[in-house]
Structures are given as structure tokens and as C-alpha cells.
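For the sequence shown, the working numbering gives the first residue as 1, with consecutive numbering after it.
Where a beta carbon is used, it is the ideal one built from N, C-alpha and C, also for glycine.
Predicted model, so just to flag it, every value in this text is computed and none were measured.
This report concerns only the one structure given below.
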Amino acid sequence: MVGAKPKIDDRGRVCGADSLRAHDHARWPRRRGITRACILILLSLPLTQCGRAPEAGMLAANTETSGDTFEDRFPAPQFRDRFPTEKESFVPYQRSAATPAAAPAAQASPRTAPPSPVRVASIAPTLTLPSATERDELTTLVSMKSSAFPYFGNNPRTDTPFLNVGSGERRGHRSYSGRVYWQNETYNDSRVLVHMPESFNVNKPGVIVVFFHGNGATLERDVRDRQLVPQQITDSGVNAVLLAPQMAVDAADSSAGKFWQAGGLKRFLDESAPHLARLYGDPKSAQIFANMPVVIIGYSGGFLPTAWSLDVGGAGNRVRGVLLLDAVYGELDKFASWIEKNRTGFFVSSYTRYTRQRDRELMSILRGKGISVSESMEGPLRPGSVVFVQTRDGITHRSYVTQAWTEFPVRDVLTRMAATPALSRVASAPSQSGR
1 MVGAKPKIDD
11 RGRVCGADSL
21 RAHDHARWPR
31 RRGITRACIL
41 ILLSLPLTQC
51 GRAPEAGMLA
61 ANTETSGDTF
71 EDRFPAPQFR
81 DRFPTEKESF
91 VPYQRSAATP
101 AAAPAAQASP
111 RTAPPSPVRV
121 ASIAPTLTLP
131 SATERDELTT
141 LVSMKSSAFP
151 YFGNNPRTDT
161 PFLNVGSGER
171 RGHRSYSGRV
181 YWQNETYNDS
191 RVLVHMPESF
201 NVNKPGVIVV
211 FFHGNGATLE
221 RDVRDRQLVP
231 QQITDSGVNA
241 VLLAPQMAVD
251 AADSSAGKFW
261 QAGGLKRFLD
271 ESAPHLARLY
281 GDPKSAQIFA
291 NMPVVIIGYS
301 GGFLPTAWSL
311 DVGGAGNRVR
321 GVLLLDAVYG
331 ELDKFASWIE
341 KNRTGFFVSS
351 YTRYTRQRDR
361 ELMSILRGKG
371 ISVSESMEGP
381 LRPGSVVFVQ
391 TRDGITHRSY
401 VTQAWTEFPV
411 RDVLTRMAAT
421 PALSRVASAP
431 SQSGR
């Protein structure tokens with residue numbers, strides 16, 4: 001054909017118009033398939049980009065700002081993505097029979113070990129307990145008037161009523177993020193998780209561990225079953241009991257409730273003494289519990305009740321140690337003041353890169369006061385120890401109570417504390433003969 005461009009077939013031969021049409025007709029289904037595949041690939045490119053995780057540097061830049069607050073890190077729309085729902089279950093870590101109670105964290109048994117039953121005593125007007133000589137490990141919930149909630153006082157930051165929202169007879173609190181939580185749903189649980197290991201002996205030096213949980217938590221689902229705080233205390237081998245008050249129930253709120261009030265921690269400890277004595281099986285031991293030294297552990301949003309308990313809690317020198325787990329979000333003056341005035345106790349703050357800015361600010365304040373600061377968890381804790389330790393990248397905030405600088409950090413700190421002769425008078429690990 002004059003003026004027409006010759007067509008080349010797959011074998012390099014020139015094809016006429018008729019043969020070309022026949023050839024194209026035969027290949028059309030194949031070409032259509034290829035065209036569709038190309039279109040799908042092009043459309044998938046922006047979708048792939050949208051699904052890509054943000055860069056770590058971008059996340060750090062978004063969090064390490066002067067306006068970083070707990071509410072900034074836990075915005076309401078994403079809150080339930082970060083924390084589990086009531087329907088989610090967690091398989092508790094259980095140590096194997098071959099693992100000693102006070103074994104180092106590196107030798108802990110794998111998480112795949114079969115779980116053993118957890119004994120939970122229910123709250124009842126009359127509670128029948130075994131005698132001290134035949135007592136088993138006990139984890140229970142006890143209602144206490146001096147627990148954080150319900151709370152009808154003021155918010156000390158604003159000196160205005162804490163319950164600052166009303167709808168008919170319903171009352172609630174508008175958090176700093178702007179979300180409203182209702183009193184009957186979020187701030188009405190007065191229960192305290194109490195744990196007493198089987199090996200606990202009231203006649204030996206002991207310690208009460210007060211644990212303030214973070215945001216979005218419940219005592220059973222999170223503190224007991226997911227974060228394994230009772231089990232970490234038992235596994236440490238330290239002669240210790242646990243008191244963990246329910247803070248705001250499953251909410252993105254760090255409010256301290258009654259622990260905002262002057263003497264709040266003291267009233268809480270005083271009320272706990274007869275409860276602990278009943279659980280131990282010896283009512284006469286109440287006086288011992290009423291004078292037992294205290295270690296406070298604050299995780300995440302638990303920084304607020306921890307700070308106010310140290311500042312106005314009224315427990316005096318009963319507080320012998322503080323452990324903060326990714327929890328320095330503010331109240332630096334309160335933490336610095338307690339450290340400066342209590343040089344016989346210890347202070348440990350373990351943090352991620354997202355809270356690094358405030359931890360380093362607190363370190364600078366303390367060094368300016370002439371207080372020695374360590375940035376290593378090597379060796380035992382001693383009276384006056386002040387330790388800040390940054391954890392490696394990849395450690396998540398949500399799992400921080402079970403994985404920080406080491407696996408099971410609560411257990412690790414208690415074990416290091418008990419290993420120091422000067423602190424062994426506060427809480428000692430039971431000897432094998434005492435078990």
C-alpha cells in the first residue's frame with residue numbers, strides 16, 4: 001500500500017492490512033487484560049503510599065514539642081486503637097517450675113508456657129480467709145473510700161470543680177482534650193487491686209507497692225492480666241504486697257482524684273492496713289502494715305497521681321522509692337523537690353525517645369541542684385540512687401510495663417532494691433529456707 005507504514009508481525013514479517021486486522025482481533029483479549037493490569041497498578045501506587053507507616057523522625061517531631069501533653073499523644077479518635085477492648089484477651093506470662101522466683105529477666109521462661117489459673121477473691125460483706133500458716137497467693141479487688149474515685153472536689157490546676165459538665169442530673173468532667181467523661185461511667189469505681197504473694201511474711205522486712213496505672217486501663221484486664229504487675233511482684237521474690245487503685249476507667253484521662261488532696265496518699269495507706277491484715281489472716285498485723293515502707297510506681301498517665309502523692313500525699317518518709325515508666329509528662333518541680341528532700345530513697349525513670357525531652361529537662365534540674373544522676377541500670381539500687389535510662393527504639397509505650405530496659409521492669413527494680421544491704425531493711429527477698 002502506497003504511503004502506508006509497513007506493519008511487522010511477532011516474527012518480524014511485514015503484514016498486510018487484512019492480516020493485521022485479523023492478528024489484532026486475535027490479540028485483543030490479551031491486550032485488554034494487559035491494559036486493565038496497568039490501570040490497576042497505577043491506581044495502587046497512591047494507595048500503597050497512603051498505607052505506608054509514617055517515618056520515625058516525623059513521629060518524634062510531632063511528639064517532642066513544647067506543647068506535648070498526654071492528651072496530645074492519646075487523641076480521642078485513635079484511643080481505642082492503642083488500647084484493647086473488653087472483648088480482647090491476653091495470655092498471661094507464667095514462669096515455668098524450673099525458673100527460680102528471683103531469676104534475672106534474661107532467663108525468664110518463654111511467653112508460650114501454659115498459663116496457670118489466677119486466684120481472684122470477690123468482694124463480699126464477709127470474707128472467709130485461711131490462716132496465715134496455710135494462706136495461698138491471693139489477688140483480689142477491695143473497695144476503699146480513700147481510693148481515687150469517686151471524687152467531688154476541685155481540680156487543683158484550675159481551682160474549679162472537677163465535675164465541670166452537667167446534663168440534667170448527670171455530671172461529668174471535660175478533659176483537656178475536650179472529651180467529656182461521665183462520673184457514673186468513668187469516675188465511680190472505688191476498687192483497689194490487692195495482691196499478696198504466698199511467700200509474704202509479715203514478720204520480715206516488707207514493702208507496699210502502690211501502682212498508678214496509665215490511661216485507658218482497668219485493673220483486671222490491664223494491670224493484672226496484660227501488664228502482669230501482681231505476677232512481677234511475686235516473681236521478684238521480694239517481701240512485698242501490691243495496692244493498685246482504679247483511676248479513670250478505660251479513659252484517656254490522667255486525673256488524680258482524691259490523690260490531689262493533701263494527705264490523700266496517707267489516708268489511702270491507713271485504710272489499706274486493716275484490709276491487708278484481713279487478707280493476710282492476722283488482724284493484729286494491721287499495725288505492721290500501717291507503718292510499712294512504700295514504693296510508688298507510676299506508668300504513663302500515672303505520673304499525675306504519683307507527683308501529687310509525693311508532693312502533698314502526707315506519707316512522709318514512708319515513701320522509700322519511686323519508679324516512673326515512660327511517665328515524665330509534667331510536674332517536674334514536684335519530682336525534683338521530692339528527690340532533693342529524700343536522699344535515702346531511690347528514684348528511677350525509664351523513658352522512650354518520645355518522652356526524652358522532659359526526662360532530660362528533669363535531669364538538668366537535678367544536676368543544677370548538685371544531685372548525681374546515673375544513666376545506667378547496671379548494679380543494685382542504693383539509698384540516694386537517681387537513675388534515668390532511655391530504652392532502645394522499637395519498645396512500645398503500650399507494652400512498657402512488661403518491656404522497658406529489660407523484660408518485666410517492675411520485677412527488676414524490686415530485685416535490685418532488695419539486693420542492697422542498706423535497703424534490705426525495707427524489703428528483702430525471702431531466703432529459700434523461708435519459703
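Report task. Output the distance between the C-alpha atoms of residue 162 and residue 419, rounded to the nearest integer angstrom. Result -> The straight-line gap from Cα to Cα measures roughly 43 Å.
Query raised in the report: For residue 401, does the three-state DSSP call read helix, strand or coil?
Result: DSSP places residue 401 in coil when its eight states are reduced to three.
Query raised in the report: Looking at residue 303 and residue 321, is the spacing between their C-beta atoms short of 8 Å?
Result: Judged by their CB atoms, residue 321 and residue 303 are not nearer to each other than the 8 Å cut-off.
Report task. Consult DSSP for residue 353 and reduce its assignment to one of helix, strand or coil. Result -> DSSP places residue 353 in coil when its eight states are reduced to three.
**Report entry** First through last residue of the beta strand (DSSP E) which encompasses residue 173
**Finding:** In the DSSP annotation of this structure, the continuous segment of the beta strand (DSSP E) that includes residue 173 starts and ends at 170-174.
Query raised in the report: Beta carbon of residue 315, beta carbon of residue 295: below 8 Å?
Result: Contact check for residue 315 against residue 295 fails: the beta carbons are separated by 8 Å or more.
Requested in this report: Give the secondary structure of residue 160 by DSSP, where H, G and I count as helix, E and B as strand, and everything else as coil.
Outcome: Per DSSP, reduced to three states, the secondary structure at residue 160 is strand.
Query raised in the report: With residue 144 and residue 272 assumed to form a contact (beta carbons below 8 Å), what rounded beta-carbon distance in angstroms separates them?
Result: Under the criterion of beta carbons closer than 8 Å, residue 144 and residue 272 qualify as touching, at roughly 7 Å.
Query raised in the report: Can residue 243 and residue 319 be called in contact, C-beta distance under 8 Å?
Result: No Cβ-Cβ contact shorter than 8 Å links residue 243 with residue 319.
Query raised in the report: Does the beta-carbon of residue 250 have 16 or more other beta-carbons within 10 angstroms, so that it is buried, or is it exposed?
Result: Per the 10 Å Cβ criterion, buried.
Query raised in the report: Between which two residues does the alpha helix (DSSP H) harbouring residue 418 extend?
Result: DSSP places residue 418 inside the alpha helix (DSSP H), whose first and last residues are 409-418.
Query raised in the report: Taking residue 168 as the reference, which of 379, 159, 354, 182 has the closest Cα?
Result: Nearest C-alpha to residue 168: 182.
Query - Residue(s) in a DSSP beta bridge with residue 195 - result: According to DSSP, residue 195 bridges with 139, 242.
Requested in this report: Inspect the CB distances between the stretch 325-344 and the stretch 360-380 and report whether three or more fall short of 8 Å.
Outcome: Enough Cβ pairs lie closer than 8 Å, so yes.
Query raised in the report: How long is the line joining the alpha carbons of residue 240 and residue 412, rounded to whole angstroms?
Result: One alpha carbon belongs to residue 240, the other to residue 412, and they sit about 14 Å apart.
Requested in this report: Indicate whether the contact test is met: 3 or more Cβ pairs, each with one atom in the stretch 259-279 and one in the stretch 231-240, closer than 8 Å.
Outcome: Three or more Cβ pairs closer than 8 Å define a contact, and the stretch 259-279 falls short of that threshold against the stretch 231-240.
Query raised in the report: What is the DSSP secondary structure of residue 211, reduced to helix, strand or coil?
Result: If DSSP states are grouped into helix, strand and coil, residue 211 belongs with the strands.
Query raised in the report: Cβ of residue 223 less than 8 Å from any chain D Cβ?
Result: Included in the structure is just one protein chain, with no chain D present.
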